[in-house]
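J.:
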Amino acid sequence: MKELKHLNKYFKKYWLKLLIGIIITIIARVFQLVMPSYVNKSIAVVENFLGNRISEASAKDMLLEYILIIVGAALLSGFFTFLMRQTIINVSRYIEYDLKNEVFDHYQLLNLSFYKKNRTGDLMNRISEDVNQVRMYAGPAIMYGIQTLTLFVCLIPLMFIKAPTIAFYALLPLPVLSVLIYQISRIIHRRSTKVQEYLSALSTFTQESFSGVSVIKAYGLEPKINTELRELALEGKNKSMDLAKVNAWFFPLMILLIGVSNIFVIYVGGKQYIDGEIASVGVIAEFILYVNMLTWPVAIVGWLTSIVQRAEASQKRINEFLKEEPEIKNEVPETSPIQGEIEFKKVTFTYEDTNITALKELSFKVHTGETVAIIGKTGSGKSTILDLVARLYDVSAGDVLIDGISVKDLNLQSLRAAIGAVPQDAFLFSDSIRNNIKFGKADATDEEIHAMAKQAVVHDNIMGFSKDYDTVLGERGITLSGGQKQRVSIARALIKEPQIYLFDDCLSAVDTETEEEILNHLKKASENKTTLIVSHRVSSAKNADRILVLEDGQLAQEGTHDDLIAAEGYYKELYINQLSEKEN
Ligand code: ADP
Ligand code: MG
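Adding 2 to a residue's 1-based position in the sequence shown gives its number in my numbering.
Written out as C-alpha cells, the structure is:
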C-alpha cells in the first residue's frame with residue numbers, strides 16, 4: 003500500500019465529502035437490514051393466523067404495517083444508496099481530475115530528452131489508463147469496502163443472535179467463495195493486463211499505419227501491413243479468449259456457493275423448525291434473504307483486493323514518473339527584459355541518447371540587433387545551436403550567454419518569452435490557422451494576424467481557402483504544403499515580436515522568389531532584433547550581417563557574403579553550385 007500513500011493528500015483535501023459519504027453508506031446499509039426481519043415477521047403473522055392464534059382483521063393490519071415498513075425502508079435505503087454514489091464516486095472523480103492535472107503539469111515541466119526516451123503511447127497510458135485504475139481504488143473500492151464492512155459488522159452478529167446454528171451453516175461456504183473470487187480476480191487481472199498490453203500495441207500499430215499511410219501506399223506495403231495486423235489481431239484474440247475463459251467462471255461459481263448456502267439454510271432451518279427450535283418458518287425466509295444480501299459483498303472482497311493491487315501497480319508507475327526531475331530547472335526569479343546579445347563560449351554539446359557530440363568547443367558572438375546566418379551541411383549542428391539558445395537542452399561544457407548572463411541564470415519563462423522560434427519541422431497544431439498564428443500572441447487582433455501573414459507571404463494562400471483563417475489544419479482539416487506550413491509558422495513567430503528570432507531552415511520549402519520577398523520583410527521586422535537564420539541556401543544567407551559556416555560542430559568560416567566568396571571553402575562551393583542550379 004505504500005505507493006498509494008501518494009493519494010493521501012487528496013483524501014485529506016476531500017475529507018469532509020468522504021466522511022459524509024461514509025456516514026451515508028452506513029445509513030443506507032442499516033435501512034437495508036430492516037427488510038428481512040419484517041419478511042420474517044410477516045410470515046409469522048400468516049402462520050399465526052393459519053394457526054388461529056390471531057384474528058383475520060389484526061393479521062391484515064399487521065401485514066399492512068409490515069409491508070409499509072419494508073417499502074419505506076427500501077425507499078430510504080435506495081435514496082441513501084443514491085446519495086452514497088453521489089458523494090463517494092464524485093470524490094473519486096475529483097481525485098482523478100486532480101491527479102490527471104498533476105501528471106500533466108509534470109509532463110510540461112520535463113524536457114525534450116524525456117520525450118525522446120519515452121514512447122507517446124506510454125505517456126498517454128500513464129495519464130489515462132493508470133489514473134483510471136487509481137480512481138477505481140479511490141472511488142468504487144472505498145465505497146464497496148465500506149459497504150461490505152458495515153454489512154459484515156451489522157449482519158453477522160445479528161444472524162448469530164437470531165439463530166446461531168443456521169447462521170453458522172449459512173456462512174460456512176462464504177469464505178470459500180471469497181478466496182476463490184480472489185484467486186479468479188488475480189488470474190483475470192493477469193490476463194487482462196496482457197489484453198491491455200496487446201491493445202496498446204495494436205493502437206500504436208494502427209496509429210502508425212494511419213499517419214504513415216502515404217508511405218505505405220507509395221511503397222505498396224498494404225499486404226505486409228495487413229499480414230502484420232492479422233498476426234497482431236490473432237494474438238489479441240487468443241489473449242481475449244484466455245480472459246473470457248476465466249471470466250466465465252466468475253458467476254457460476256458465485257451462484258453455486260450461494261446455492262450451497264441456501265440449501266444449508268433450508269435444510270438446517272427446516273430441521274430446527276420441525277424440532278421446534280425456531281419459532282417460525284419466517285426465520286428461514288429471513289436467512290435466505292441474508293445470504294443473498296451477503297453474496298455480492300463477499301464476492302466483492304476478492305474483487306476489491308485485486309482492484310487495490312492494480313491501483314497500487316498503476317500508482318507505482320505514476321509515482322516513478324512524478325519523481326522524474328526536469329533536467330532544466332527554472333530556479334531564477336523573473337529577470338529584467340532581454341536585449342538579445344548571444345554568446346557561445348566554448349560550447350560542447352553531446353546528445354545523451356545517441357552520444358553524438360553535435361557541437362565541439364564552439365565559440366561565437368552575435369550582437370544585439372545583428373542578423374547572422376548559419377550555414378552548414380545536415381548534421382553539422384545548426385539546429386542544436388538554436389535549441390541551446392532557447393535552452394531546450396543544457397550545454398555539456400562551456401556556456402551560452404544572453405546579454406552576458408548564462409542562460410542558466412536567466413528565468414526560463416523570460417528567456418523563452420524573448421525568443422520567436424521557427425523550428426525546422428514547422429509544427430502546427432490541429433486547430434484553425436488563426437489560432438495557430440495567435441499561439442505567438444494570445445491577444446492578437448485579426449488585423450495583426452493578417453499583417454503578419456502578409457509579411458510571411460501566406461495571406462493570399464490563406465484567403466484562397468474557403469474558410470480562410472478559420473481553416474482547420476491537420477488530422478481533421480486541410481493539409482498545408484511544406485512551404486505554407488513554414489510560412490504560417492513564420493507568421494506565428496513574427497506576431498510575438500520577440501527580441502531574438504531563431505529561424506531554422508524555415509524557407510527550405512519556399513520557392514526563391516517568395517523567399518526573397520519574405521527575407522525582405524524579415525529584414526524590416528528584425529531591424530533591431532537579434533536574428534539567427536539557419537539555412538542550407540546561400541540566398542537566405544547572403545544579406546545577413548555575418549555568416550557562420552559550421553562543419554562538424556565547429557566553426558569553419560566566418561564573415562560577410564563577400565568575404566566568404568572571396569575565400570575558398572564550403573560557402574563558396576555552395577554559392578557556385580546554387581548559382582549554376584539557378585541558371586539551368
Ligand atoms: P543540423 O541542424 O545542422 O542538420 P543538428 O543540430 O540537427 O544538425 O544535429 C547535429 C547532430 O546531432 C547530428 O549528428 C544529429 O544526428 C544529432 N542529433 C540531433 N538531434 C538529436 C537528438 N534529439 N538526439 C540525438 N541526436 C541528435
Ligand atoms: Mg537542422
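Virtual Cβ for every residue (Gly too), placed ideally from N, Cα, C. Keep in mind the model is a prediction, meaning the values are calculated, not measured.
(1) Nearest-angstrom Cα distance between E333 and L414?
(2) Listed in chain order, which residues are found with a beta carbon closer than 5 Å to a heavy atom of ligand 1?
(3) Contact check, V133 vs E98 under 8 Å by CB: the rounded distance?
(4) Quick test of the definition: if touching needs 3 or more C-beta pairs under 8 Å, does the segment 117–134 touch the segment 57–72?
(5) Can you find the residues in the same chain that come closer than 7 Å, C-beta to C-beta, to F146, ignoring five residues on each side of it along the sequence?
(6) Identify whether E322 lies in helix, strand or coil by the three-state DSSP scheme.
(7) In whole angstroms, what is the alpha-carbon distance linking E518 and S528?
(8) Starting from L65, trace the alpha helix (DSSP H) in both directions and tell me its first and last residue.
(9) Name, in chain order, the residues that DSSP records as bridge partners for S434.
(10) Give me whichever residues DSSP pairs with V347 in a beta bridge.
(11) Looking at ligand 2, does it come within less than 7 Å of D433, judged from the CB to the closest heavy atom?
(12) Under the assumption that D433 contacts I340 (Cβ atoms under 8 Å), give the Cβ distance between them as a whole number of angstroms.
(13) Considering only the beta carbon of each residue, do A46 and G284 sit closer than 8 Å?
(14) Taking the CB atoms as reference points, tell me whether L534 and V374 lie closer together than 8 Å.
(15) So is the beta-carbon of Q488 under 7 Å away from any non-hydrogen atom of ligand 2?
(16) Quick one: does the C-beta of D389 sit closer than 7 Å to a heavy atom of ligand 2?
(17) Measure the C-alpha to C-alpha separation of I593 and N240 and round it to an integer number of angstroms.
(18) By Cβ distance below 6 Å, which residues in the same chain neighbour H108 in space, the five residues on each side in sequence not counted?
(19) Identify every run of the beta strand (DSSP E) within the segment 373–425, keeping only runs that are complete inside it and at least 3 residues long; order them along the chain.
(20) Report the partner residues of L504 according to the DSSP bridge assignment.
(21) Relative to the alpha-carbon of T356, which residue among N522, K440, K118 has its alpha-carbon at the smallest distance?
(22) Assuming V391 and L504 make a contact with CB atoms under 8 Å, what is their CB distance in whole Å?
(23) Over the uninterrupted beta strand (DSSP E) stretch that includes T359, give me the two end residues.
(24) Where does L496 land, buried or exposed, given buried means 16+ other C-beta within 10 angstroms?
(25) Can you name, in chain order, every residue of its own chain whose Cβ lies under 6 Å from the Cβ of K443, other than the five neighbours on each side?
(26) From N264 to P299, what distance separates their C-alpha atoms?
(27) Provide the residue(s) that pair with G561 in DSSP beta bridges, ordered along the chain.
(28) Can you tell me the Cα-Cα spacing of F82 and M37, whole angstroms?
(29) Under the assumption that G378 contacts L552 (Cβ atoms under 8 Å), give the Cβ distance between them as a whole number of angstroms.
(30) Any chance the CB of D506 is under 7 Å from a heavy atom of ligand 2?
(31) Tell me the rounded alpha-carbon separation between V512 and T380.
(32) Around the Cβ of M126, are there at least 16 other Cβ atoms within 10 angstroms (buried) or fewer (exposed)?
(33) Is the Cβ of A59 closer than 8 Å to any Cβ of chain C?
(34) Which word fits N438, buried or exposed, when buried means at least 16 other C-beta atoms lie within 10 angstroms of its C-beta?
(35) Buried or exposed: where does L101 fall if 16 or more other Cβ atoms within 10 Å of its Cβ makes it buried?
T.: Let me spell this out:
(1) Straight-line Cα distance between these residues: approximately 8 Å.
(2) Selection output, chain order preserved: Y353, T356, I358, A360, T380, G381, S382, G383, K384, S385, T386.
(3) Taking 8 Å as the upper bound for CB-CB distance, V133 and E98 are in contact here, some 6 Å apart.
(4) Taking a cut-off of 8 Å for Cβ pairs, the segment 117–134 and the segment 57–72 do not touch, as fewer than three such pairs fall below it.
(5) The question names Phe, but residue 146 is Tyr in the sequence shown. Taken in chain order, the residues that qualify are I302, L306.
(6) Look at E322 here: in three-state DSSP terms it is helix.
(7) CA-CA distance, E518 to S528, rounds to 15 Å.
(8) Following the DSSP letters along the chain, one finds L65 inside the alpha helix (DSSP H) bounded by residues 58–86.
(9) For S434, DSSP records a beta bridge to V474.
(10) Before going further, note that residue 347 is Lys rather than Val in the sequence given. D401, per the DSSP bridge assignment.
(11) Not so, every heavy atom of ligand 2 lies at least 7 Å from the Cβ.
(12) That belief does not hold up - the Cβ atoms of D433 and I340 are roughly 29 Å apart, past 8 Å.
(13) A contact, by the Cβ cut-off of 8 Å.
(14) Yes.
(15) Short note on Q488: C-beta not closer than 7 Å to any heavy atom of ligand 2.
(16) Not under cutoff, so the answer is no.
(17) Residue 593 lies beyond the range of the chain shown here (3 to 586); nothing can be said about it.
(18) Listed in chain order, the non-local C-beta contacts of H108 below 6 Å within the same chain comprise L324, local neighbours out to five positions each way being set aside.
(19) Along the segment 373–425, the beta strand (DSSP E) occurs as fully enclosed runs of 3 or more residues at 373–378, 399–404, 421–424, listed in sequence order.
(20) According to DSSP, which records beta bridges pairwise, L504 is partnered with A423, L534.
(21) Selected option, being the one with the closest Cα: K118.
(22) Correct: roughly 6 Å between the Cβ atoms.
(23) Annotation for T359: the continuous beta strand (DSSP E) segment containing it runs 359–368.
(24) Buried: at least 16 other Cβ atoms inside 10 Å.
(25) Once the five neighbours on either side are set aside, the close Cβ partners of K443 are I497, K498.
(26) Approximately 16 Å, taken between the alpha carbons.
(27) Bridge partners of G561: I549.
(28) Looking at the two C-alpha atoms, the distance is approximately 15 Å.
(29) Rounded, the Cβ-Cβ distance is 3 Å, consistent with contact.
(30) In this structure, D506 has its beta carbon less than 7 Å from a heavy atom of ligand 2.
(31) Going by the C-alpha atoms only, they are around 18 Å apart.
(32) Around the CB of M126, fewer than 16 other CB atoms lie within 10 Å, so the residue is classed as exposed.
(33) The structure shown contains no chain C; it is built from a single protein chain.
(34) When all chains shown are included, N438 counts as buried.
(35) Under this definition L101 is a buried residue.
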